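Q:
Residue numbers (our numbering): 742 to 1526.
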């Protein structure tokens, strides 16, 4: 109500000033600026309505500031002649400066040597003196230029762009000191360039750039309400769900914050500046075809320049403007709405393979699947495994262990660290080896996406998270596959089900049940996180209560970052000295891996005793965030591809508590990537394979592993993703050429499986709350620090 009262007072003051100025200017017949003044009065009327409707903030300062600004803008518009006189006075000062530029030619005077007031000749000055004189001259010329009408008009538009940018950011981003200065400068430049472009395109009318300012404020307010309702920013994929958003928007209560009113005040200032810039429009008598075309050219140049900048410059890789999807709000707050939105938009559009044709892609997949059927699919080992699987229907347990990796690959951490011993020395696995992943330090959902679907992130790019972006309802996956075989399918993750949009993705994949933190309320915890052992106990309970075959996918939580909590009990904490120094983060992480190894040992021991066939797939999703500094410090002068790939690896094993037909179970080493892991597991145990999986196995002979960093050829040589041709290859196909061909064919069939004809690729099922690292907090409640 206070907002309504203050706004009524402000509206009355604006109306009074408008009537007074209208009366004063009646004789001259000049009505310029009146429309703008009425616009600001309408904005005050809107503020009155917000107050009466209960949509205004419970705040005193913001409505006072808003109405003071709106009344001032209204008066400046109603009194356009006075405002314009001030601007003309500023421009006349430039003429006065120009008139003062005369200097006598003292160098030619015969009294030069004796004169005490002479202007020294350039040749008599030192180099620094001549430079100083030149700089002073240029500064004087610049002062004159800044008072020219064109310069004043451009400065008004620059300021209008600045206030429009602030009007965009202020409603949702309440501390701009947290922003990266260069990102804010980029955002200001983009907004201003569009405003200037439209200003000239519409023949120097202030209404066009003012509309952009209003649009910026509107987006800022929309961002505020979206964050308020779901703790998530507006993202490009949201544009594909505007209909859904409109359908549910009526169920929310909309209340402006104080910062929304501040943003409205900034909008008013921007609009006033636009109106003043429009006052520089030439009189009708001075307008001609040449001026018309000049304005069009300048406007088109600005708008085309913005379009070229946005489409040709890679924000993610070139400008390093990234979207931290685990906490996208942080990216938007630090980098600004527009740069972050553009970066996200550039990365989410799936790249279409060269010469892609849907019918040809389908034909290629069938051809590759046929090659598998005629080769590996006809072996005795595979035939025996198929017969056994059909009879036994083993339960399959897939454990994606959070941040599980063997850091002994970093020269034993210069601390005598030998890695998780049980995991490394389990003697009777079906297969084991290095796992090439597409995540480092975070991005768990991408590793599980690759495992469950068989698709590679290599073809989707960095900064993309399919769970939150793409429509995966019809995507082939292991859960659907096992469900079609009569299995009960369960996913579990002892954290919020909203994280990474899992609640929607798992349901779409066909999981019968999704167990979240709500199912682990009384479970054992380590550092406040549900322990690995607690999830394994839950799995054992499920096996005891249901003798039917099950597919269980367990995404653990115990080892999640950060690692400086100090919450590990002393009896579980190791104390490795890295190069003779203590590192608490590293020690906490290595201690957690030891706990995971101990829990895995107990779990495998219990599975051995079960009187039912069980297959276990165990793998880590990514390394922690800190090994890169050791990789750079300890591994110098080595191949760049091998150096980079080391960070993007974990380990895996496939194990069974029964004798799998056709497999010696002697821990055969087979290094592969996550996209192949599920398919290889199905192949080893004799489970039915779809055409996509058969095609993958055919391609794997030439392309053993692939991730976002690079790929391997059949000889095990590592190449970075940027290597797209064999520079040394001749007529004969080399292993690299075969890998490149397989990589191209994989891209084609993956696009076919994921996106088909490339239409309607974005998800319509949004996560209902923000991602949270701490399962002890309700979704969306963590404050950005």
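From the three backbone atoms N, C-alpha and C, an ideal C-beta is built for every residue, glycine too.
This one's a predicted model, so the numbers in the text were calculated from it and none came from an experiment.
Straight-line CA distance for residue 781 to residue 747?
A: Each residue's alpha carbon lies about 15 Å from the other.
Q: Where does the unbroken alpha helix (DSSP H) through residue 1273 begin, and where does it stop?
A: Looking at the DSSP string, the run of the alpha helix (DSSP H) that includes residue 1273 is 1273-1286.
Q: Can you tell me whether DSSP reads residue 1179 as helix, strand or coil?
A: Residue 1179 falls in the coil class under three-state DSSP.
Q: Between which residues of its own chain and residue 1125 is the CB-CB distance below 8 Å, once the five residues before and five after are set aside?
A: Cβ within range, chain order: 1402, 1403, 1427.
Q: Cβ of residue 1276 within 7 Å of Cβ of residue 1253?
A: Taking 7 Å as the Cβ cut-off, residue 1276 and residue 1253 do not qualify as a contacting pair.
Q: In chain order, what residues of the same chain lie with their CB nearer than 8 Å to the CB of residue 1050, ignoring the 5 residues before and after it?
A: Answer for residue 1050: 931, listed in chain order.
Q: Could you tell me the distance, in whole angstroms, from the CA atom of residue 880 to the CA atom of residue 1019?
A: When rounded, the distance between both Cα atoms is 28 Å.
Q: Would you grab the beta carbon distance between residue 1138 and residue 1464 for me? Rounded to a whole angstrom, and I think it's under 8 Å.
A: Going by Cβ atoms, the distance from residue 1138 to residue 1464 rounds to 37 Å, so no, they are not a contact pair.
Q: Using a Cβ-Cβ cut-off of 6 Å (strictly less than) and excluding sequence neighbours within five positions of residue 1177, which residues of its own chain qualify?
A: Contacts found: 1390, 1414, 1446, 1448.
Q: Once you ignore the five residues that flank residue 1305 on each side, which residues in its own chain have a CB closer than 8 Å to its CB?
A: Excluding sequence neighbours, residue 1305 sits near 1325, 1326, 1329.
Q: Suppose contacts are defined by Cβ-Cβ distances below 7 Å. Is residue 1172 in contact with residue 1160 by that definition?
A: No.
Q: Please report the Cβ distance between residue 1194 and residue 1217, rounded to the nearest whole angstrom; I am assuming they are in contact, meaning their Cβ atoms lie under 8 Å.
A: Their Cβ separation, rounded to whole angstroms, is 7 Å, which keeps residue 1194 and residue 1217 in contact under 8 Å.
Q: Return the Cβ separation of residue 957 and residue 906 in integer angstroms, given the expectation that the two are a contact with Cβ distance under 8 Å.
A: Going by Cβ atoms, the distance from residue 957 to residue 906 rounds to 7 Å, so yes, they are a contact pair.
Q: Please report how far the alpha carbon of residue 949 lies from the alpha carbon of residue 769, in whole angstroms.
A: If you take the alpha carbons of residue 949 and residue 769, they lie about 28 Å apart.
Q: Using only CA atoms, which one of 1084, 1437, 1095, 766 lies nearest to residue 1054?
A: Comparing Cα-Cα distances from residue 1054 to each of 1084, 1437, 1095, 766, the minimum goes to 1084.
Q: Would you kindly check if the distance between the Cβ of residue 1308 and the Cβ of residue 1268 is under 7 Å?
A: Contact: yes.
Q: In whole angstroms, what separates the C-alpha of residue 1494 from that of residue 1480?
A: Answer to the nearest angstrom: the Cα atoms are 21 Å apart.
Q: Buried or exposed: residue 973, going by 16 or more other Cβ atoms within 10 Å of its Cβ?
A: Residue 973 should be labelled buried.
Q: For residue 1246, count the other beta carbons within 10 Å of its own beta carbon; 16 or more makes it buried, fewer makes it exposed. Which is it?
A: The residue in question, residue 1246, is buried, as its Cβ has 16 or more Cβ neighbours within 10 Å.
Q: Between the C-alpha atoms of residue 921 and residue 1367, what's the straight-line distance to the nearest angstrom?
A: Their backbone Cα atoms lie some 24 Å apart in a straight line.
Q: Name the two residues that bound the continuous beta strand (DSSP E) containing residue 1136.
A: Counting along the chain, the beta strand (DSSP E) containing residue 1136 begins and ends at 1136-1142.
Q: Taking residue 1273 as the reference, give the member of 757, 945, 1360 with the closest Cα.
A: Among 757, 945, 1360, the Cα nearest to that of residue 1273 belongs to 1360.
Q: Report yes if the C-beta distance between residue 1483 and residue 1455 is below 7 Å; otherwise report no.
A: No, these two residues do not count as a Cβ contact at 7 Å.
Q: Using three-state DSSP, classify residue 1291 as helix, strand or coil.
A: Here residue 1291 sits in strand by DSSP.
Q: On a Cα-Cα basis, can you pick out the residue from 1004, 789, 1485 that is closest to residue 1095?
A: Nearest option by C-alpha distance: 1485.
Q: According to DSSP, which residues form a beta bridge with residue 1317?
A: Paired residues: none, contrary to the question.
Q: Measure from the alpha carbon of residue 1258 to the alpha carbon of each residue in 1279, 1251, 1041, then state which is nearest.
A: Taking only the C-alpha atoms, the option nearest residue 1258 is 1279.
Q: Nearest CA to the CA of residue 1118: which residue from 1266, 1437, 789, 1346?
A: Out of 1266, 1437, 789, 1346, 1437 has the C-alpha closest to the C-alpha of residue 1118.
Q: Can we say the segment 954-969 touches the segment 1020-1036, given the rule of at least three CB pairs closer than 8 Å?
A: Not touching, per the Cβ criterion.
Q: Alpha carbons only, please: which of 1505, 1441, 1408, 1452 is nearest the one belonging to residue 1242?
A: When each option's Cα is compared against that of residue 1242, the closest is 1505.
Q: Which value, in whole angstroms, describes the spacing of the CA atoms of residue 1461 and residue 1452?
A: If you take the alpha carbons of residue 1461 and residue 1452, they lie about 6 Å apart.
Q: Note the first and the last residue of the continuous alpha helix (DSSP H) segment covering residue 1048.
A: Its alpha helix (DSSP H) spans residues 1030-1053.
Q: Just the C-alpha distance for residue 1439 and residue 1498, rounded to the nearest angstrom, thanks.
A: So the alpha carbons of these two residues sit roughly 24 Å apart.
Q: Put residue 810 into one of helix, strand or coil per three-state DSSP.
A: Three-state DSSP puts residue 810 in a helix.
Q: Beta-carbon separation of residue 1004 and residue 911 under 7 Å?
A: Contact: yes.
Q: Could you check if residue 1320 is buried or exposed, using at least 16 other CB atoms within 10 Å of its CB as the buried criterion?
A: That one is exposed.
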